[in-house]
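These notes are about the structure you will find just below.
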Amino acid sequence: MLLPLLRRSWSAAALGFVYAGAVSAQLTPRESRIAEAVAAHQADAVALLQELVDINSGTLNAAGQRAVYDVLAPRFEALGFTVEYVVPAVENRGGHLVARRSGTSGPHLLLIGHLDTVFEEDSPFQRWELVNDSVARGPGASDMKGGDVVIWSALAAMEAEGALDGATITVVMTGDEERPGDPVVEARRALVEAGEAADIALGFEGGTRGLGVIARRSSSSWRLEVEARTAHSSGVFNDNVGAGAIYEAARILEDFYSEIRGEENLTFNASTIVGGTEAAWDDVTARGTAFGKTNVVPPVAIVTGDIRTITDDQLQRTREKMRQIVARSLPGTSARITFHDGYPSMPPTDANRDLLAVLSGVSQDLGVGPVAPFDPGRRGAADISFVASVVDAGLDGLGPEGSGSHTVEETVNLRSLERAAQRAALLMTRLVGN
Ligand SMILES: [Zn+2]
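Take the sequence shown: its letters are residues 3 to 436, numbered as in this note's numbering.
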């Protein structure tokens with residue numbers, strides 16, 4: 003787990019400065035021109051999004067991520083970025099887009115997108131389709147090729163008005179956000195290194211009108227393996243045989259449910275279970291098998307599940323409670339639980355709230371109302387969590403609005419594509435402060 007860096011001294015001052023600017027209740031003439039520049043290239047932004055959506059880039063389709071990169075890279079180069087395709091040291095995954103430009107004014111901003119979608123080449127969902135004037139359907143339309151286009155669109159408008167001059171900005175679009183490669187430390191090395199160099203992280207996952215994401219829960223998994231004495235079932239419960247593996251698994255799950263459940267922002271799902279005389283579970287294929295008879299006390303049971311928490315401390319405390327429950331063992335049984343790290347949490351810090359206040363000011367000045375924090379209990383995990391502990395502040399949900407992500411009904415609201423880009427362009431302009 004990464005340790006939080008001390009906040010750099012200039013950063014609090016920078017945030018304070020922009021916050022003071024953000025309450026000015028109207029746009030400066032240059033900010034108005036930036037917002038107009040976004041509107042002026044909206045047709046181009048929609049065309050770019052259609053082009054990206056029509057390229058299959060399922061997480062396991064490395065050639066697809068490269069093809070998405072090949073469309074985006076020249077767009078960022080034209081804005082003065084140096085662009086690189088970074089292939090991580092993991093198997094069966096494509097690369098990440100990493101684009102950089104450096105200057106001397108303001109904080110170093112990290113903008114986060116992803117090139118992949120959950121729709122692989124065998125999915126029936128492959129093409130862009132206009133539903134009406136303001137809604138399009140397609141794989142990745144909002145999650146998150148829409149967010150990638152918002153990043154480009156916002157930067158293009160800033161560049162047109164000289165607002166990128168002097169700015170230090172890194173863009174990382176990972177190739178495997180939906181299913182990170184293994185080991186995750188290699189899959190996310192480029193992103194974490196970019197985070198370590200940056201001061202503020204901005205995530206462009208799908209947005210919800212009037213809400214910004216200042217916290218995300220961690221997501222990690224566990225596996226419970228129970229062993230027990232086996233015998234003819236007529237002997238179950240006696241001193242020589244004991245309870246059997248399935249009663250012990252049930253005892254553990256019941257204790258998890260009644261003793262650990264209930265803390266705010268904490269959930270732990272029991273997802274799969276196999277048990278019997280023989281039982282096996284394969285994490286890679288997510289399939290299991292079991293064999294047994296009703297007249298045999300089962301010697302084996304395997305359960306898998308997840309844990310979601312708002313802080314690392316909550317995760318560690320939950321794991322410790324689970325270990326204690328697992329160790330209690332019914333007669334004739336033994337069990338062990340193992341934990342597998344996934345996404346870390348992004349806790350709701352004061353610095354994140356300050357950043358949200360800047361966004362809220364921008365949003366009000368654009369005439370689209372204030373922005374409040376999103377309930378982290380209702381969001382899944384995302385890439386920004388990997389850098390939350392190494393940047394001074396982070397904010398996610400800056401992408402367009404849509405619906406049905408991860409289903410064949412995924413849509414994007416095209417008007418929100420423009421709004422999100424205007425909002426992001428002015429947020430970054432105020433943060434850079436040049
Ligand atoms: Zn996503």
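Just so you know, even glycine gets a beta-carbon here, dropped at the ideal spot from N, CA and C.
Nonlocal neighbours in the same chain, by C-beta distance under 7 Å from Phe127, ignoring five residues either side = Phe121, Pro141 and Val410
task = Please specify which runs of the alpha helix (DSSP H), each continuous and at least 4 residues long, are wholly inside the region 25-91, giving them in chain order.
result = 31-42, 44-55 and 64-79
key: alpha helix (DSSP H) runs wholly inside the region 305-333, at least 4 long, in chain order   = 314-328
query = In angstroms, rounded to a whole number, what distance separates the CA positions of Glu412 and Leu51?
reply = In this structure, the straight-line span from the alpha carbon of Glu412 to that of Leu51 is close to 14 Å.
request  = Assign Gln318 to one of two classes, buried (16 or more other C-beta atoms within 10 Å of its C-beta) or exposed (fewer than that).
outcome  = exposed
ask   = Residues in its own chain within less than 6 Å of Arg139 by CB, not counting five upstream and five downstream?
value = Closer than 6 Å at Cβ, skipping near neighbours: Glu131, Val133 and Thr413.
Inter-residue spacing [alpha-carbon to alpha-carbon] between Asp72 and His98 = When the Cα atoms are used, Asp72 and His98 turn out to be separated by approximately 11 Å.
query = With C-beta atoms as the reference, is Glu250 less than 8 Å away from Leu332?
reply = Contact check for Glu250 against Leu332 passes: the beta carbons are separated by less than 8 Å.
key: Where Gln424 falls, given that 16 or more other Cβ within 10 Å makes a residue buried   = buried
request  = Could you please give the first and the last residue of the uninterrupted beta strand (DSSP E) stretch that includes Val137?
outcome  = Val137 to Arg139
query = Can you round the beta-carbon distance between Leu81 and Leu204 to whole angstroms, since I take them to be within the 8 Å contact cut?
reply = In fact, because the Cβ distance is near 16 Å, the residues do not count as touching under 8 Å.
Exposed unless 16 or more other CB atoms sit within 10 angstroms - verdict on Ala39 = buried
request  = Answer with buried or exposed for Asp394, where buried requires no fewer than 16 other C-beta atoms within 10 angstroms of its C-beta.
outcome  = buried
query = In chain order, what residues of the same chain lie with their CB nearer than 7 Å to the CB of Leu429, ignoring the 5 residues before and after it?
reply = Cβ-Cβ distances below 7 Å link Leu429 to Val360, Leu361 and Val364 in the same chain, with the five nearest sequence neighbours on each side left out; the list follows chain order.
ask   = Rounded to a whole number of angstroms, what is the C-alpha to C-alpha distance between Arg421 and Asp284?
value = Computed Cα separation, rounded: 45 Å.
inquiry  = Is Met146 near ligand 1 - that is, is its Cβ less than 7 Å away from at least one heavy atom of it?
reply    = yes
key: Candidates Ile248, Asp308 and Asp178: closest to Thr279 by CA position   = Among Ile248, Asp308 and Asp178, the Cα nearest to that of Thr279 is on Ile248.
inquiry  = In the DSSP assignment, the alpha helix (DSSP H) including Ile153 goes from what residue to what residue?
reply    = Lys147 to Ala162
ask   = Buried or exposed: Tyr259, going by 16 or more other Cβ atoms within 10 Å of its Cβ?
value = So Tyr259 ends up on the exposed side.
query = With DSSP run on the structure shown, which of helix, strand or coil describes Val228?
reply = Strand at Val228.
query = What does Leu132 pair with, by DSSP beta-bridge criteria?
reply = Its beta-bridge partners are Ala138.
inquiry  = By the three-class DSSP mapping on this structure, what secondary structure does Leu5 have?
reply    = Because Leu5 sits at a pLDDT of 27, beneath the cut-off of 50, its placement in the model cannot be relied upon, and the following sentence gives the value as read from the coordinates. Three-state result, Leu5: coil.
message = Given 7 Å as the limit, tell me if Ala384 has its C-beta closer than that to any heavy atom belonging to ligand 1.
response = yes
request  = On a CA-only basis, which of Val152, Ser155, Asn94 and Ala390 is nearest Ala64? Give me that one, please.
outcome  = Asn94
request  = Pull up the distance between the alpha-carbon of Ala169 and that of Ala374, whole angstroms please.
outcome  = 27 Å
ask   = Any heavy atom of ligand 1 closer than 7 Å to the CB of Glu207?
value = Because some heavy atom of ligand 1 lies under 7 Å away, the Cβ of Glu207 counts as near it: yes.
ask   = What is the DSSP secondary structure of Pro349, counted as helix, strand or coil?
value = coil
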